[in-house]
Each structure stands twice: as C-alpha cells, then as structure tokens.
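Heads up: the protein sequence lines correspond to chains F and B, in order. According to UniProt numbering, the first sequence is numbered sequentially starting from 1. According to UniProt numbering, the second sequence is numbered sequentially starting from 1.
2 protein chains.
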Amino acid sequence: MAEQEKGTVRAVERALDILLCFAGSDAELGLSDISKRLGLHKSTVHRLLASLESKGFIRRHSSTEKYRLGWSILELVSNVYQSDALSSIVLPEMTRLRDQIGETISLYVRSGTERIRIQAVESNQPVRRVANIGMRLPLHVGASGKVLLAFSKDSYEELVRDCCPNDINRMEFLQSLVTTRSQGYAISIEEREPGAAAVAAPIFSRQGDVIAALSVSGPVDRFTPDMLNVHIEAVRRSADIMTKMLAH
Amino acid sequence: MAEQEKGTVRAVERALDILLCFAGSDAELGLSDISKRLGLHKSTVHRLLASLESKGFIRRHSSTEKYRLGWSILELVSNVYQSDALSSIVLPEMTRLRDQIGETISLYVRSGTERIRIQAVESNQPVRRVANIGMRLPLHVGASGKVLLAFSKDSYEELVRDCCPNDINRMEFLQSLVTTRSQGYAISIEEREPGAAAVAAPIFSRQGDVIAALSVSGPVDRFTPDMLNVHIEAVRRSADIMTKMLAH
DNA sequence: AACAGGGTTTCACCGTACGAAACACTAAGA
DNA sequence: TCTTAGTGTTTCGTACGGTGAAACCCTGTT
C-alpha cells in the first residue's frame, strides 16, 4: 500500500485503495482477499467496507456474499463526462472516424506517468481491439504515450526523469519523442502489446497545450504499410478537427 | 449530512459524501461550496479533498482551480458493468426494443427506497427522454418504481413503511401495487414528471425475484392510447426475453 | 472432532482526524 | 488606497475515533 501523503486522511486513503482493488477485472472480492492484498487488518477492512457500503460505493452480492462495486459509481460517471467537455464534444467525430476506417478509436489523457483511456469507440469488425474506458497504461510506450510526451511542455529532462524507466535507453527514448514531434504523429507496432498496432496524433487546447491523444488501433496484420499511411492521414485530420472543435 | 452508522468510519463517510456532492449536475465545486453544503469545517474538507485527490478520485481544474471528479471513477466504471451481468447481457435487447418502438429504453434496479437507472438506450427522435445513467429516483412514483415494488417479495407493510411518503394515501398506494402486480406492468402518465410518460415491466431472476424494471419512456403526447398498448405489449415481451436470457 | 477460512464483534489505547484560528491571496467596493 | 469579503492553506493542541489484536461465530472439509 502506498505511503500516506502529507495533509491527507489515512483512513480515507485506505478506503479508496479498497475501491481501487476493483479497478482491475475482479468482479467480486472477499474481505480476506482485500485484507491480504492491501496488508490491512481484517477488522479494519471490515469497517472500511461497511463505510463504503453505507454510501453505496460497495454492495454485497446476495448469493456469494462477496463485495462488488455499488451503484454510486454510476451516479458519478455521468458527471465525469458532463464535466469533461473534451470527450463528449469529440465523440461524434470519433464515431465518424471509426466508421470511416473501421478500427477502434481511443482518446487518452495524461495523468502523471500514465495515460488513461477516457473515451473509446470500438471497431465493428469481428476481430477488434477491445478498449476499456478508464484503463491506465504507461506513458513511455505506445503511440498515444509518445504523442502525449512529445508535445508536452515539460522539459526533456523532466520527461526522462519522470517517465523513462531505468531499463530503457534514454537517447532512444528522447529520439522517439523528437521524431514524434517533428512528424506530428506516432506509430506503435507491437510496442506495447503483441499483435496490436496503433497510430496517434495530438489534440491541442486553445492555448496550444496538448490535452489528449487520439488513437487508431487494431490487429497488427491489418496495419500494412498502405493502411498505415491511410490511418496516419485520417487520425491527423480528425485530431485537427477536434482541436478546432474545442476552440469554440 | 447523514448520521454515522455503527461499525463505519466517519472520516471515510465524510469523504464519500464529498464525492456524492458531484452526483448531481455540478461539474465543479470549490472547497467552500462543499464545506457549506456538508456542514464540515473548511480544514476538514481540505484534508478530505487532498485524500481524494491523492487517489485520483478528484482533480483540480487547471484554470478555475476548482475541484472536479477524477479519472479513477472511470477506472471503476468498466468494472461496474463487467461485474453486473444484468445490464451487459440485456443491452442488445434494449437496443433492439429502442429501434422497434423508437422511444428511450431504461433499466432500473432498486436500491433501498430508490431506484437507479443502470442502463439506458436513448430514442433517436428529435424530442426524446434524456436518460442519465446512475440517476436515482423515488420508488413510490413512476412506472418502474411501481413495478419494482409490486413484484418485490417484501410484505405490503414493509413496502408502505419504507417507501410510502406520509403525504400519500396509503390505500391508493397499495391499490396501485396490487393492480401492477395483477396486470404484469405499470403505466405512468406525468406521474413523476410533467410531459413524460412511461410503461414498465419486471425482469426476474432465476429464483423468481424481481431484479430490474424495464421501462419505455417518452414525451406524453406520443403515448396515445393506441401507442400505449403497443408499448405495453413490446416492453412485456422484451422483459420476458431478458428474464430468459438471464436464466442461462 | 479438528482445522481452515470466511466474516463479525469487542476492547484498550494512542495517534490520527478534527476544529479553531491564523494566514495568504485575490477581487471588488467604497 | 484601504477595507471587506471570499477563496483556499497552514499550524497546532487535543480528545476521541480508528486501529490491531483477539476472541468469536459459522460453514465446509478432512
């Protein structure tokens, strides 16, 4: 479990860590599962779960008696999208782009040393990229990660220090960012995941800051050199349209 | 703010109450807004917000400096749907029903004395019902509420005690539940909201418990007596199909 | 019967969460 | 310019709330 930051409430952080145990694919968890996972005493977890349950963030399944996420999360999710003009404004264009090129479209934002997929429109093809909203991915690999970094206003020193793992060649890391920046897009061929490829381009705010990466992704065998050029052209055009949309 | 329950952690409940301040349409809130709304001291709210922010449940907007929901909510929402077989399994049938009759389709579950819309497929018509997922509504009014109550295994005494407000005629309340139960569906004509009408039917679990209400809703002028019969027939058939889907 | 593993309850204690107050900053009004 | 109002941030003493430990309860397995 993470160390407590200054000015925060330990009990609250612990409760939120419990919630985040469900951020993966675990549908339900028992009290002991959580206790072991977080290294907290059973009675502590019991109380924290009772608190989460009292506010509807956790519920117990009627037959298994194990804990699941509650409906309060749903109450909040509408607000996430309402308050985030970005993903709702650009959704129609993402859908259009998906229909145009037939691959899965995703929108990523940066959060510290990671990127989060905040919106996605999946391909309709039988074999497709599954794009779970809310998923966190490393920034240093993948087309979208490279775009978010390359167009970031942080210095290269900061980027290397914060986002480049020790087992990666720093010069190559930087070079890929420089390349991405001059090209205006980034490509990833099985860089993050075997069998998957992606092309990404940056979306800018009114002030010229990169605020998101728009990504086209799919099975690598569909990303032939010819198709790659088509995707690059399309994703860049759409990202430009979105940048303009967000300026109004 | 609600009283603290036994066996819960006050600090955690307070933090979750802060999160639930965003369950409405407030995109962003200031520290003082929250402090006033919940009756908590500013420094308390400050600490709780720092805790929520440390785990990504809250973020501060770069220009306004006010608080908004964070991306951690998105991380959890995928799991809500994955772990809730109900809404993902029945979504295709909801979409088909929407395409068949052209009105907004919603799925509600009961949570205490309220119902929550856990899934929705909106009409494509220019004038339509907007259906925010996660929305909480009272159980004692509206077609879906009546369905959830009428087919509940709770005794009528319990239902009246828990769900019937004091300013409502209890005999009429009970009578509407008895009617709903014998008909197998419920109708609401501007009962919950001016200009809106709905028809709802129950979805049952394998064990015969009502687990959700399937609702068709739209502008009341479109719910003529003829259309009403069409909607009743359609929603009941779909609810039956869904009940069978969930049995496998 | 014993054991394991799930969750629930009780209790002493101490350190964590709290409220109060001061502080810092900005904007608006006189 | 000064004052006031309002926002958020920091500091500090204290008491009570959160904690871990242990016992307990229940169910299932050997």
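Ideal placement from N, C-alpha and C gives every residue a C-beta, glycine not left out. What you are looking at is a predicted structure, and each value in this text was computed from that prediction instead of being measured.
Local conformation of residue i per DSSP, three classes
i: B:Leu246; result: helix
i: B:Leu29; result: strand
i: B:Gly208; result: coil
i: B:Thr64; result: coil
i: B:Gly218; result: strand
i: F:Arg192; result: coil
i: B:Val199; result: strand
i: B:Arg59; result: strand
i: B:Ile133; result: coil
i: F:Ala2; result: Confidence at F:Ala2 is low in this model, with a pLDDT of 49, below 50, so the placement of that residue should be treated as unreliable; the coordinate-derived value is given next. Three-state result, F:Ala2: coil.
i: F:His231; result: helix
Segment limits, alpha helix (DSSP H) that includes residue i
i: F:Ala50; result: Lys42 to Ser54
i: F:Val121; result: Run containing F:Val121: none in the alpha helix (DSSP H); it sits in the beta strand (DSSP E), Glu114 to Val121.
i: F:Leu16; result: Arg10 to Leu20
i: B:Pro92; result: Ala85 to Ile101
i: F:Asp162; result: Tyr156 to Cys163
i: B:Ser144; result: Ala143 to Ala150
Residue i - containing beta strand (DSSP E), residue span
i: B:Glu172; result: Where B:Glu172 is concerned, there is no enclosing beta strand (DSSP E), although the alpha helix (DSSP H) it sits in stretches over Arg170 to Gln183.
i: F:Ile105; result: Thr104 to Ser111
i: B:Leu137; result: Arg136 to Pro138
Proximity below 8 Å, CB of residue i to CB of residue j
i: B:Val90; j: B:Met242; result: yes
i: F:Ala120; j: F:Ile133; result: yes
i: residue 272 of chain F; j: F:Val220; result: The shown model of chain F, from 1 to 248, leaves out residue 272 of chain F, and the question about it has no answer.
i: B:Leu107; j: B:Ala212; result: yes
i: F:Arg129; j: F:Gly218; result: yes
i: B:Thr113; j: B:Asp162; result: yes
i: B:Ser205; j: B:Leu159; result: no
i: B:Ser72; j: F:Leu174; result: no
i: F:Ala200; j: F:Leu214; result: yes
i: F:Leu38; j: F:Asp17; result: yes
i: B:Thr95; j: B:Ala131; result: no
i: F:Leu86; j: B:Phe22; result: no
i: F:Ile203; j: B:Leu74; result: no
i: F:Leu12; j: B:Val12; result: Inspection of the sequence shows that residue 12 of chain F is occupied by Val rather than by Leu. For F:Val12 and B:Val12, yes; Cβs fall inside 8 Å.
i: F:Arg98; j: F:Ser123; result: yes
i: B:Ala150; j: B:Arg181; result: yes
i: F:Arg60; j: F:Lys66; result: yes
i: B:Arg68; j: B:Ala27; result: yes
i: B:Arg110; j: B:Leu137; result: no
i: F:Val178; j: F:Ala198; result: no
| query | Mind listing which residues of the segment 47 to 60 of chain B have their C-beta closer than 8 Å to chain F's C-betas, in chain order? | reply | Arg47, Leu48, Ala50, Ser51, Leu52, Ser54, Lys55, Gly56 and Phe57
| query | If you measure beta-carbon to beta-carbon, which residues of the segment 18 to 38 of chain F are closer than 8 Å to chain B? | reply | Per Cβ criterion, the list reads Leu19, Leu20, Phe22, Ala23, Gly24, Ser25, Asp26, Ala27 and Glu28.
| field | Cβ-based contacts, 8 Å cut-off: residues of the segment 121 to 137 of chain B near chain F | value | Asn132, Ile133, Gly134, Met135 and Arg136
| task | Could you name the residues of the segment 68 to 79 of chain B whose beta carbon sits closer than 9 Å to any beta carbon of chain F, in the order they occur along the chain? | result | For the segment 68 to 79 of chain B, residues whose beta-carbon sits nearer than 9 Å to a beta-carbon of chain F comprise Arg68, Leu69, Gly70, Trp71, Ser72, Ile73, Leu74, Glu75, Leu76, Val77, Ser78 and Asn79.
| message | Taking 8 Å as the cut-off, does the segment 4 to 16 of chain F touch the segment 47 to 54 of chain B (at least 3 CB pairs, one atom from each stretch)? | response | In short, these stretches touch, since the Cβ pair count reaches three.
| task | With 7 Å as the limit, tell me which residues of the segment 200 to 215 of chain F have their beta carbon closer than that to any beta carbon of chain B; keep them in chain order. | result | none
| message | Would you call the segment 136 to 155 of chain F in contact with the segment 171 to 190 of chain F, where contact means no fewer than 3 C-beta pairs closer than 8 Å? | response | yes
| request: Anything in the segment 96 to 122 of chain F with a Cβ closer than 7 Å to a Cβ of chain B? List those residues in chain order, please. | output: Look at the segment 96 to 122 of chain F: the residues with a C-beta under 7 Å from a C-beta of chain B are Ser111, Ile116 and Ile118.
| request: Flag this pair as touching only if the segment 34 to 49 of chain F and the segment 71 to 80 of chain F have three or more C-beta atom pairs under 8 Å; answer yes or no. | output: no
| request: Output, in sequence order along the chain, the residues in the segment 174 to 203 of chain B whose CB is closer than 8 Å to any CB in chain F. | output: none
| query | Going along the chain, which residues of the segment 4 to 15 of chain F sit with their C-beta nearer than 9 Å to a C-beta in chain B? | reply | Gln4, Glu5, Lys6, Gly7, Thr8, Val9, Arg10, Ala11, Val12, Glu13, Arg14 and Ala15
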